[in-house]
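Colleague:
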Amino acid sequence: MEATAKIWMNGELIDWDDARVHVGVHGLHYGTGVFEGIRCYETPTGSAVFRLKEHMQRLHNSAKLIHLAIPYSVEELRQATHSLLEANGLPSCYIRPIAFSGYGRLGVSAKGNPVETVIMAWPWGTYLGDEALKNGIRAKISSWQRISANIVPHVAKASGIYLNSMLAVTEAQNAGYEEAILLTPEGTVADGSGENLFVVKNGEIYTPDLSTGILPGITRESIMRIAGELGYKVHQTILIRSDLYLADEVFMCGTAAEVTPLRSIDDHEIGVGPVTQAIQKAYLDTVKGQTDKYAEWRDVVPGLQRAS
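For the sequence shown, counting from 1, position 243 maps to 473 in the numbering used here; every step adds exactly one.
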C-alpha cells in the first residue's frame with residue numbers, strides 16, 4: 231500500500247501516519263466493521279469515482295445489518311471522499327471507506343461503543359494484475375464453503391465475514407492458483423473470495439442468484455445492465471460446479487478485479503472468449519469515460535475536474 235498525504239477520519243482530514251486507533255477497539259477483536267471498495271478513474275472530464283453514492287449507500291446497508299450506526303449520511307461520506315481525493319491530488323486511485331465499533335467495552339456485544347468512520351485512498355493498479363485482465367487467471371473451487379445467509383449476513387460487506395474469503399483464497403494460492411471459488415452449503419456456486427461470478431454458455435450469460443446469499447455487487451449490477459444493452463441475455467439463477475467446467479467462458483467482476491476472465495477452473499481449461507472481452511471493454515470504457523453512456527455512474531471530483 232502506497233502512503234498518501236491525508237486520510238479522512240471522523241470528519242477531519244488528518245495526516246496518513248496519524249490515523250490510529252487503540253488496540254482495544256471492538257472491531258479489531260470481533261470484526262464488527264463494514265467497508266467498501268471503490269475506484270476513481272481518470273476520464274476526459276477529470277477524475278471520476280465509479281458509482282460513489284451507491285457504494286456509500288451499501289456501506290450504510292451493511293452497517294444496518296450488523297447494528298452499527300454510522301454517524302455520517304451517504305451524502306456526507308460522498309463529499310468527504312471528494313475532499314480526500316482533492317487533498318491528496320489523486321487522479322486515479324482505490325478508495326476504502328470503513329466504519330467499525332471503536333474503543334470502549336470489550337465484551338462480545340458492541341452496544342455502547344463509539345463508531346469510528348474512516349476513508350482511505352491510495353494508488354492501486356489492477357487487483358489480479360494487468361496480465362490477468364488479458365489472459366485470465368486460474369481458479370480453484372475451495373474446500374471452504376461460503377457462509378450461509380442464516381449464519382451471518384453475507385449480503386453485508388462486513389469485516390469479520392471476510393475471514394471466510396481469506397481462508398479460501400489462501401488455500402487456492404497455496405495450491406498454485408490465483409483465486410478461489412466458493413460453493414454454498416447446498417453445493418451451488420456462490421462467488422469468488424472478493425468477486426461476483428458470471429458464466430457464458432451458448433452466447434447467454436448466467437450469474438448466481440442473490441438468493442444464494444452473495445454480496446449484491448455494484449459491479450455485478452453494472453455488468454448485467456451493460457451486457458443486456460450489448461444484446462446478451464442475462465440470467466440470475468442457480469449454478470452448480472459442472473456448469474463452471476462446461477462453460478464456454480467464465481469471468482469474475484468486482485471493484486478491485488474489474489472484469490477478469492477465468493482461463494481454467496480446477497485445471498479444466500476454459501480460455502478467454504469474445505463475450506468476456508466485449509463486456510470487459512465496455513465496462514472499462516464506461517469507468518474511464520471513453521463512452522457517453524452511463525455518465526450518471528461517474529461522479530466527477532470537482533477539484534480534479536478538467537477545464538473544457
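Beta carbons: idealized from backbone N, C-alpha and C, even for Gly.
(1) Relative to the alpha-carbon of residue 497, which residue among 367, 529, 314, 277 has its alpha-carbon at the smallest distance?
(2) Helix, strand or coil for residue 498 per DSSP?
(3) Going by CA-CA distance only, name the one from 514, 291, 236 that's closest to residue 266.
(4) For the candidate residues 264, 332, 246, 288, whose alpha-carbon lies nearest to that of residue 255?
(5) With C-beta atoms as the reference, is residue 282 less than 9 Å away from residue 268?
(6) Check each candidate in 457, 374, 350 and name the one with the smallest Cα separation from residue 514.
(7) Compute the Euclidean distance between the alpha carbons of residue 349 and residue 305, then round it to the nearest angstrom.
(8) With distance defined between alpha-carbon atoms, name the residue in 296, 323, 302 nearest to residue 338.
(9) Looking at the structure shown, is residue 505 part of a helix, part of a strand, or coil, going by DSSP?
(10) Whole-angstrom Cβ separation of residue 445 and residue 385, contact assumed at under 8 Å?
(11) Near residue 372, which residues of its chain fall below 7 Å by C-beta distance, leaving aside the five closest residues on each side in sequence?
(12) Taking 7 Å as the limit between beta carbons, can you name the residues of its chain near residue 240, skipping five residues before and five after?
(13) Where do the N-terminal and C-terminal ends of the alpha helix (DSSP H) with residue 475 fall, by residue?
(14) Examine the Cβ distances between the region 468-482 and the region 495-510 and report whether three or more of them are shorter than 8 Å.
(15) Exposed or buried, residue 231, counting other C-beta atoms within 10 Å across all chains shown (16 or more means buried)?
Modeller: Well, looking at it:
(1) Locating residue 497 in the sequence shown gives position 267, counting from the first residue. When the alpha-carbon of residue 497 is set against those of 367, 529, 314, 277, the nearest one is in 367.
(2) Counted from its first residue, the sequence shown places residue 498 at position 268. DSSP places residue 498 in strand when its eight states are reduced to three.
(3) By one-based count along the sequence shown, residue 266 stands at place 36. Nearest of 514, 291, 236 to residue 266, Cα basis: 291.
(4) Here the question's residue 255 lines up with position 25 in the sequence shown. Cα-wise, what sits closest to residue 255 is 332.
(5) As a first step, residue 282 is located in the sequence shown; it is residue number 52 there, counting from the start. As a first step, residue 268 is located in the sequence shown; it is residue number 38 there, counting from the start. In this structure, residue 268 lies closer than 9 Å to residue 282 by Cβ.
(6) Looking up residue 514 in the sequence shown gives position 284. Among 457, 374, 350, the Cα nearest to that of residue 514 is on 457.
(7) Residue mapping note: residue 349 aligns to position 119 of the sequence shown, counting from 1. Residue mapping note: residue 305 aligns to position 75 of the sequence shown, counting from 1. Computed Cα separation, rounded: 14 Å.
(8) Counting from 1 along the sequence shown, the entry for residue 338 is found at position 108. Comparing Cα-Cα distances from residue 338 to each of 296, 323, 302, the minimum goes to 296.
(9) What you label residue 505 is simply residue 275 of the sequence shown in a count that begins at 1. Looking at residue 505 - three-state DSSP - the assignment turns out to be helix.
(10) To locate residue 445, count along the sequence shown from 1; it is residue 215. To locate residue 385, count along the sequence shown from 1; it is residue 155. The pair is a contact, with the Cβ atoms about 6 Å apart (cut-off 8 Å).
(11) The residue you call residue 372 lines up with position 142 of the sequence shown. Non-local beta-carbon contacts of residue 372 in its own chain, meaning distances under 7 Å to residues more than five positions away in sequence, involve 398, 401, 402, 410, 411, 412 in chain order.
(12) Here residue 240 refers to the residue found at position 10 when the sequence shown is read from its first residue. Cβ neighbours of residue 240 beyond the five flanking positions: 346, 347.
(13) Numbered from its first residue, the sequence shown carries residue 475 at position 245. Per DSSP, residue 475 belongs to the alpha helix (DSSP H) from 471-475.
(14) yes
(15) By 1-based counting over the sequence shown, the position of residue 231 is 1. Result: exposed.
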